[in-house]
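Take a look at the structure set out below.
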Amino acid sequence: MIDRKRDVIDVLDHAAVMVRDLHASAMAYRRLGFSLTPISQHSGALKSGDEVVQWGCGNYCIMLQKGYLELLGVIDDNLYDNKIPQFLERYEGIHILAFGCMDCSAAAEHLAEQGFGVNGVHFLARSLDTPFGERRAEFNLARLPPEEMPEGRVLAIQHLTPQYLWQDRYLTHSNGAIALDEIVVCVEEPITVVRRYEKYFGKPASEEFNSWNFTLRQGNFVITTPATLLKKFDINPPTTPYAAAIKIKTQGLKTTRRILEKNNVVYTEKKYGLQVAAAEAAGANIIFTE
1 MIDRKRDVID
11 VLDHAAVMVR
21 DLHASAMAYR
31 RLGFSLTPIS
41 QHSGALKSGD
51 EVVQWGCGNY
61 CIMLQKGYLE
71 LLGVIDDNLY
81 DNKIPQFLER
91 YEGIHILAFG
101 CMDCSAAAEH
111 LAEQGFGVNG
121 VHFLARSLDT
131 PFGERRAEFN
141 LARLPPEEMP
151 EGRVLAIQHL
161 TPQYLWQDRY
171 LTHSNGAIAL
181 DEIVVCVEEP
191 ITVVRRYEKY
201 FGKPASEEFN
211 SWNFTLRQGN
221 FVITTPATLL
231 KKFDINPPTT
241 PYAAAIKIKT
251 QGLKTTRRIL
261 EKNNVVYTEK
271 KYGLQVAAAE
281 AAGANIIFTE
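Start counting the sequence shown at 1; every next residue gets the next number (this note's numbering).
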């Protein structure tokens, strides 16, 4: 019997921006006023239940008080590349949509009951420097096949060692960023996609002006159309489906504006916040709000 409190997927945990040049992308995000963790190389099981091996991809993370961003790229061409080149063939930008849960095994079982093709729980780990020396951050993931969730690599994540990831020294950002507030995804057939995510989250979406919003316990997930994306955000999707934008909540836009201007970052003043175009942020449209 599944514990229905433990199988719920109800947190906007993180978004990963897949990039062609990891170090150049890190510099770009520092220009935006973010503090980044040191680079970390991944390791994990290639199949559910397999032994853990080192992978050829690595990341920088932008840790926020709520949620985080990940810059992800290949750093060793001789090892497993986590299929990053295949995603980059479509576009450089947001490709991983990660939602938090309390118990990944329970969430995977519930997703299977809902008809999703989840293939077990995958273990992922990476070494991190901490004030106590090197430690290993560990995660359980429940991934869905790309043919079922073409909007990105959609996964449920359970953090096994959050204390190593959310270190106080990485939580302060000169742009005032404090939370991953929202991800906006653009699709051609929104009703079909919304119904699928209603099964995934176990809750209905609210609709307003051709956009459908899932208000999660932490953060929001928005599905919209190409026309609405262009009209509301002035973003012309290069393809669909397209993970178009990330909203970052700040302590105040005055601070954010000062940092962007100091670093000569091009941005647009919008009624909903400060919008940084994808060209400035390794393919991801970043919207700062307060």
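Even glycine gets a Cβ: it sits at the ideal position worked out from N, Cα and C.
Check your understanding: How long is the line joining the alpha carbons of residue 182 and residue 247, rounded to whole angstroms?
Key -> Whole-angstrom Cα-Cα distance: 5 Å.
Could you name each continuous beta strand (DSSP E) segment of 3 residues or more that falls completely within the region 221-279, going from the start of the chain to the end? Listed in chain order, they are 242-250, 267-270, 273-276.
I'd like the span of the beta strand (DSSP E) that includes residue 90, first residue to last. Per DSSP, residue 90 lies in no beta strand (DSSP E) segment; the continuous alpha helix (DSSP H) that holds it begins and ends at 84-90.
| message | Beta-carbon within less than 7 Å of residue 142's beta-carbon, same chain only, minus the 5 sequence neighbours each way: which residues are those? | response | Here residue 142 has 104, 107, 108, 111, 118, 121, 155, 156 as same chain residues with Cβ atoms under 7 Å from its own Cβ, once five neighbours each way along the sequence are excluded.
Determine the closest residue to residue 264 out of 30, 17, 53, with distance taken between C-alpha atoms. Nearest of 30, 17, 53 to residue 264, Cα basis: 30.
query = Does the beta-carbon distance from residue 229 to residue 186 come in below 9 Å?
reply = Cβ atoms of residue 229 and residue 186: closer than 9 Å.
Check: Expressed to the nearest angstrom, what Euclidean distance is found between the alpha-carbon atoms of residue 72 and residue 82?
Finding: Between the alpha carbons of residue 72 and residue 82 lies a gap of roughly 10 Å.
Measuring alpha carbon to alpha carbon, tell me which residue in 78, 76, 77, 59 is nearest residue 69. Out of 78, 76, 77, 59, 59 has the C-alpha closest to the C-alpha of residue 69.
How big is the Cα-Cα spacing for residue 198 and residue 262?
-> Near 42 Å, if we compare the C-alpha coordinates of residue 262 and residue 198.
Check whether the Cβ of residue 5 lies closer than 8 Å to any heavy atom of the ligand NAP, and answer yes or no. With respect to the ligand NAP, the structure offers nothing, as it holds no ligand at all.
### Task
Could you work out which residue in 147, 66, 152 is closest to residue 220 when comparing CA atoms only?
Per the Cα distances, 66.
Note to self: My output table needs one value for residue 217: the three-state DSSP class, helix, strand or coil.
What the structure shows: In this structure, residue 217 counts as coil in the three-state DSSP scheme.
query = Where does residue 1 sit, in a helix, a strand or coil, going by DSSP?
reply = Its pLDDT being 45, under 50, residue 1 is placed unreliably by the model, and nothing is read from it.
**Prompt:** For the beta strand (DSSP E) that residue 282 lies in, which residues bound it at each end?
**Reply:** Segment: none, residue 282 is in no beta strand (DSSP E) and carries neither H nor E.
- Message: Helix, strand or coil for residue 23? Go by DSSP, reduced to three states.
- Response: Of the three classes helix, strand and coil, the one that applies to residue 23 here is helix, per DSSP.
Alpha carbons only, please: which of 89, 166, 279, 257 is nearest the one belonging to residue 179?
Out of 89, 166, 279, 257, the CA that lies nearest to the CA of residue 179 is found in 166.
Can you say whether residue 11 is buried or exposed, counting buried as having 16 or more other CB atoms within 10 angstroms of its CB? By the neighbour-count definition (other C-beta atoms within 10 Å, threshold 16), residue 11 is a buried residue.
| Buried or exposed (CB count within 10 angstroms, at least 16 for buried), residue 278 | Counting of Cβ neighbours within 10 angstroms places residue 278 among the buried residues, the total reaching 16 or more.
Quick check on the DSSP output: what are the complete alpha helix (DSSP H) runs of length 4 or more inside the region 105-169, in order along the chain?
Listed in chain order, the complete alpha helix (DSSP H) runs (minimum 4 residues) inside the region 105-169 are 162-165.
* **The beta strand (DSSP E) enclosing residue 9, as first and last residue numbers** => From DSSP, the beta strand (DSSP E) with residue 9 extends over 9-18.
Checklist entry - How would you write the range of the beta strand (DSSP E) that residue 60 sits in, first residue to last? => result Looking at the DSSP string, the run of the beta strand (DSSP E) that includes residue 60 is 52-63.
When DSSP labels each residue in this structure, what does residue 45 get in the three-state scheme? Reduced to three states, the DSSP call for residue 45 is strand.
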